[in-house]
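For the record, the sequence lines run as chains A and B. Last residue of the first sequence? That's 301 in this note's numbering, and every number before it is there in order. Last residue of the second sequence? That's 1283 in this note's numbering, and every number before it is there in order.
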Amino acid sequence: MRALVVVAMVASLALVGGVAIAQPRKAPDKFAKAAGDAFKAALAADEANDLPTALGLYQKAFAISPHPSTAYNIADVFRRQGKLTDAIEYFEIFLALSPSSKDAKDVEVLIAKMWATPAVLELESGPPSDPRSVDLASAYVLVNGEIVKRAGEPAGFDPRTNAPRVELQVPAGLEQTVDVITPLSFGSVRCRLPPGEKRDCDIRMEPRIDGSLVVSSNDERGDVDLRIAPKQDVSRGRVKVPAGRQRFEVRDRSLECPTSVTVDVPKGNDVAYVFIEAQGTWFYQRCRAYKVKQHKLTFKE
Amino acid sequence: MNRIGWSLLPALVVGGVAFAQPRLAPPPPPPNRKPALASYTPQQLESWAKAMMAEKRGDLDQAEREWDGVVRGHPVANGYWNLADCAIRHERFRDALRALEEYVKLPDADAEQGKARIEKLKTMPYRLSISGAESGGVIFVDGKKLTASPATLELPDGDHAIHWIGPTQYDDRTVHARAGYDQLERMGGRDRDPTGGNVAIGVYGSVSLSGPWDYKGQTFVVDKRFSLPPGHYDIPLYEPNRACSNIVFDVPRDGFVFVFVKAERSGSRHCSAITVTTTKVKL
Chain A
1 MRALVVVAMV ASLALVGGVA IAQPRKAPDK FAKAAGDAFK AALAADEAND
51 LPTALGLYQK AFAISPHPST AYNIADVFRR QGKLTDAIEY FEIFLALSPS
101 SKDAKDVEVL IAKMWATPAV LELESGPPSD PRSVDLASAY VLVNGEIVKR
151 AGEPAGFDPR TNAPRVELQV PAGLEQTVDV ITPLSFGSVR CRLPPGEKRD
201 CDIRMEPRID GSLVVSSNDE RGDVDLRIAP KQDVSRGRVK VPAGRQRFEV
251 RDRSLECPTS VTVDVPKGND VAYVFIEAQG TWFYQRCRAY KVKQHKLTFK
301 E
Chain B
1001 MNRIGWSLLP ALVVGGVAFA QPRLAPPPPP PNRKPALASY TPQQLESWAK
1051 AMMAEKRGDL DQAEREWDGV VRGHPVANGY WNLADCAIRH ERFRDALRAL
1101 EEYVKLPDAD AEQGKARIEK LKTMPYRLSI SGAESGGVIF VDGKKLTASP
1151 ATLELPDGDH AIHWIGPTQY DDRTVHARAG YDQLERMGGR DRDPTGGNVA
1201 IGVYGSVSLS GPWDYKGQTF VVDKRFSLPP GHYDIPLYEP NRACSNIVFD
1251 VPRDGFVFVF VKAERSGSRH CSAITVTTTK VKL
C-alpha cells in the first residue's frame, strides 16, 4: 500500500507542481503552484518521518487546492499516528475524489481493517461517597452486546478519587452501548469508542434493581422494546420475569415486528441478557432488521 | 411474493397510471451516488466523507445532515444529487424531491436525469405501512387477503378498504391513496373492541348500518369480531331490503372467516347492491 502512495504522490506532484510534464499544458495557477510547493515540502518531511510537519504541510496543500493524492497522504499520516477515525475520514475523501482509482478497492479494505481495530475503554464509576457507584469487580461489562469483562475479574481504582476503574480492550464504534450488570443492579451508558483510541466512560447505577432478565439495545432513542407482558415494553432495563423458557415479541417504535426472542430465564442469582441490535434508520415506517445477542450471566451465590 | 424493484418503476408509472393492484412495497434501492469534484472546498469534502461514513454504518439520518452540510452555503450539483439519493433510501421522499429540485437548477447538473427522477418521485405509488397491535395478523385490501402484518404496501390512487385481523383482534380503515404520499396505520389495540370469535363481517361502501341485528335466533354485527356456530349462513344485511341481496357465507368448524361486503347504491332502487367475498383465515 505504501509503495502505491509514493507513485500517487509523484504523479500528483507532477500535476500540481508542473514538474516533468512532457507535453505543453496550461500553466498552473497560483493556487496549484502553492499547493504543489506545500506538497513537495510535506513529502520531504514524510520521508524524514517527521509526521507532524508532514501532516501540517499536506493539510495546507489540501486546504489550498484539494487533490486525491493529498487526501490519501493525509489519511496515511493519520493512520501512522494512530488517529484512525481521522485517517478513515481522509481515505473516504480520497474515495470520493477518485472512486474509480485502481487503489480504491485496497483503500476500502484498509478502511474496514481500521474500523475493526479495537478501542480501549476506561470504565470508571463514582467514589465510595456516591451511592450510585458501581462495584466493577463483581460486574459483567458488555459492549454492544458482547461480553468484555466477566464478574469476578479484577478491577482497579483511580488513585485520586478511589473510584472503581477498569481498562478494557473493546470493539470500536462511533457510539457504543456499554451495559454493566452486577448481582444487584444494572446500568447502561452510551460511549464514543473510536477505533484504536482510549476513551473514558462513566457509569453509575441504582444500588438495587431486581430481576433475572436484562434487556438492552443499540437504539439511542430507546425505541426498540421487548414486550415482556401486555402493555409492558422494555427497551433498556432489568426486570422480573418467571424462570423458564419465555418468548417475547420485539416492538419497534410501538410497531409490531415479525421477530420474537426466545429466552431461557434462569433461576436464582443468574441473569439472562438480551441485546437487540437494530439495523437501519429509525425513520422507516416499519420494523427494522435486527440482530439479537443473548448471554447467560452467572453470578456466584 | 411479487417484488418490483426501483429500476422497474419508470416503466410502471409512465402516463401517470402506476398500476392497478395493491402490492408489497419494494425494498429501498441500492445507492446511486455521484462523485465529488476536486473543485469542492475542503469543508465540503470533509462533510462528504462524514456522510459516506454515516451511510456505511447505516445511519441515514446523520448522513442526510452531512450531505446537507456539503451543499449548505456553497451549492454543488452532485451534493444535492447524493442528498436526494440518501433521502430516497431513507424513504423521506419529500426531502428527496426538494433536493432534486435544487439539483436541476445548478449549471453542473444533469438536468434531464434530475427531471426524470423528480417525475418518478412525484408519480411513485402511495405507500401504506400497516402494523398490528399483536403479531401474526393478516392484511386485507379491498376484501382480498394480501399479506401478513407488518407490511408496507403500494396502493393505486383512490379509496381503499383496509382490514386487519389478528389472532384475537380486528380493525378496519378506509384510506385515500395519492401518488407520492405515504402513511402509517397502527391497527388494533382498542380496549373497547371485542376479541376472540370466529367471524368478522367487514362492510365498505354505500350502505348505512347501526348496531347488531338478529336473524333466526343468531346475532350478527359488522366491523367487529363475533362468534357463530359452524354452518351455512344466508342472511339479510341488517334488515331485508337494506341490501339488494343476502350475505351468503360458511363458518368452518376450525379457523376464522372474514366476510367482505362491498356495497354500492343502485340508481333507481332503494337497496344497495352488494358483492360478497369470503375468506377463511388461519390465525
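For each residue, glycine too, the CB sits at the ideal point set by N, CA and C.
Residue j beta carbon less than 7 Å from that of residue i
| i | j | result |
| --- | --- | --- |
| Ala87/A | Ala75/A | yes |
| Asn269/A | Pro183/A | yes |
| Arg1094/B | Tyr1126/B | no |
| Thr177/A | Arg192/A | no |
| Val224/A | Ala243/A | no |
| Lys1262/B | Gly1202/B | no |
| Leu1184/B | Gln285/A | yes |
| Leu168/A | Leu121/A | yes |
| Lys293/A | Gly145/A | yes |
| Glu124/A | Arg150/A | no |
| Leu84/A | Pro195/A | yes |
| Asp1142/B | Ala1161/B | yes |
| Pro99/A | Leu1045/B | no |
Neighbour list for residue i in chain A, Cβ cutoff strictly below 9 Å
| i | result |
| --- | --- |
| Trp1164/B | In chain order: nothing, as chain A lies at least about 10 Å away. |
| Thr1152/B | Tyr284, Gln285 and Arg286 |
| His1090/B | Thr281, Phe283 and Tyr284 |
Per-residue contacts from residue i into chain B (C-beta, under 7 Å)
| i | result |
| --- | --- |
| Pro66/A | Ala1038, Tyr1040, Pro1042 and Leu1045 |
| Phe303/A | Lying outside 1 to 301, the shown extent of chain A, residue 303/A is not represented and no answer is given. |
DSSP-derived helix/strand/coil call for residue i
| i | result |
| --- | --- |
| Pro1125/B | coil |
| Arg245/A | strand |
| Ser125/A | coil |
| Lys1283/B | Here residue 1283/B turns out to be Leu, not Lys, going by the sequence shown. Leu1283/B: coil per DSSP, three-state reduction. |
| Ala1038/B | coil |
| Phe283/A | coil |
| His295/A | strand |
| Val1221/B | coil |
| Val117/A | Here residue 117/A is Thr; the residue named in the question, Val, does not match the sequence. The answer is coil: DSSP assigns Thr117/A none of H, G, I, E or B. |
| Ala1020/B | coil |
| Cys257/A | strand |
| Ala1099/B | helix |
| Gly187/A | strand |
| Cys201/A | strand |
| Ser1047/B | helix |
Residue of the options minimising C-alpha distance to residue i
| i | options | result |
| --- | --- | --- |
| Met205/A | Pro127/A, Ser217/A and Phe186/A | Phe186/A |
| Val77/A | Lys102/A, Asp46/A and Ser69/A | Asp46/A |
| Glu1066/B | Glu1119/B, Gly1132/B and Lys1050/B | Lys1050/B |
| Pro1150/B | Asp1214/B, Leu1128/B, Asp1142/B and Gln1021/B | Leu1128/B |
| Glu1134/B | Lys231/A, Arg236/A and Tyr284/A | Lys231/A |
| Leu57/A | Asp233/A, Asn49/A, Pro68/A and Ala38/A | Ala38/A |
| Ser212/A | Gln294/A, Ala272/A and Pro258/A | Ala272/A |
| Ser260/A | Ile228/A, Lys267/A and Leu123/A | Ile228/A |
| Val141/A | Pro131/A, Gly152/A and Arg132/A | Gly152/A |
| Arg160/A | Pro128/A, Asn218/A, Phe299/A and Leu255/A | Pro128/A |
| Gln1169/B | Arg1190/B, His1176/B and Ile1162/B | Arg1190/B |
| Ser101/A | Cys201/A, Ser69/A, Cys257/A and Arg79/A | Ser69/A |
| Ala1243/B | Gly1196/B, Thr1275/B, His1232/B and Gly1255/B | Thr1275/B |
| Asp219/A | Ala116/A, Lys198/A, Arg251/A and Ala35/A | Arg251/A |
| Pro1030/B | Glu1091/B, Pro1156/B, Ala1020/B and Leu1037/B | Glu1091/B |
| Thr1147/B | Pro1156/B, Gly1132/B and Asp1159/B | Gly1132/B |
| Val1076/B | Phe1140/B, Met1187/B, Tyr1103/B and Ala1054/B | Tyr1103/B |
Chain A residues whose Cβ lies nearer than 8 Å to that of residue i
| i | result |
| --- | --- |
| Asp1061/B | Thr281, Trp282 and Phe283 |
| Gly1058/B | Gln279, Gly280 and Thr281 |
| Gly1180/B | Within 8 Å Cβ-Cβ: nothing; Gly1180/B doesn't reach chain A, min ~15 Å. |
Contacts around residue i, its chain only, beta-carbon distance under 6 Å, and the 5 residues preceding and following it disregarded
| i | result |
| --- | --- |
| Glu108/A | none |
| Arg1253/B | Pro1230 |
| Ala71/A | Tyr90, Ile93 and Phe94 |
| Leu1209/B | Val1222 and Tyr1238 |
| Phe275/A | Gly145, Ser216 and Lys293 |
| Lys300/A | none |
Per-residue contacts from residue i into chain B (C-beta, under 8 Å)
| i | result |
| --- | --- |
| Ala96/A | Pro1035, Ala1036, Leu1045, Trp1048, Ala1049 and Met1052 |
| Pro258/A | Ser1135, Ala1148 and Pro1150 |
| Glu89/A | Glu1046, Ala1049, Lys1050 and Met1053 |
Own chain partners of residue i with C-beta closer than 7 Å, once the 5 adjacent residues on each side are dropped
| i | result |
| --- | --- |
| Ala1295/B | For residue 1295/B there is no data in the structure shown, the boundaries of chain B being 1001 and 1283. |
| Gly222/A | Ser235 and Arg236 |
Chain-order list of residues whose beta-carbon lies under 8 Å from that of residue i (same chain, five-residue window excluded)
| i | result |
| --- | --- |
| Asp1068/B | Leu1083 |
| Gly82/A | Gly196 and Glu197 |
| Arg199/A | Ala119, Val120, Leu121, Glu122, Cys191, Arg192 and Leu193 |
Residues that residue i contacts on chain B, provided the C-beta gap is smaller than 9 Å
| i | result |
| --- | --- |
| Pro99/A | Arg1033, Pro1035 and Ala1036 |
| Ile74/A | Residues of chain B passing the Cβ test: none, with the nearest at roughly 10 Å. |
Residue-chain proximity (residue i, chain C), Cβ-Cβ < 7 Å
| i | result |
| --- | --- |
| Glu197/A | No chain C is part of this structure, whose protein chains are labelled A and B. |
Chain-ordered chain A contacts of residue i [CB-CB under 7 Å]
| i | result |
| --- | --- |
| Leu1184/B | Gln285 |
| Ser1129/B | Gln285 and Arg286 |
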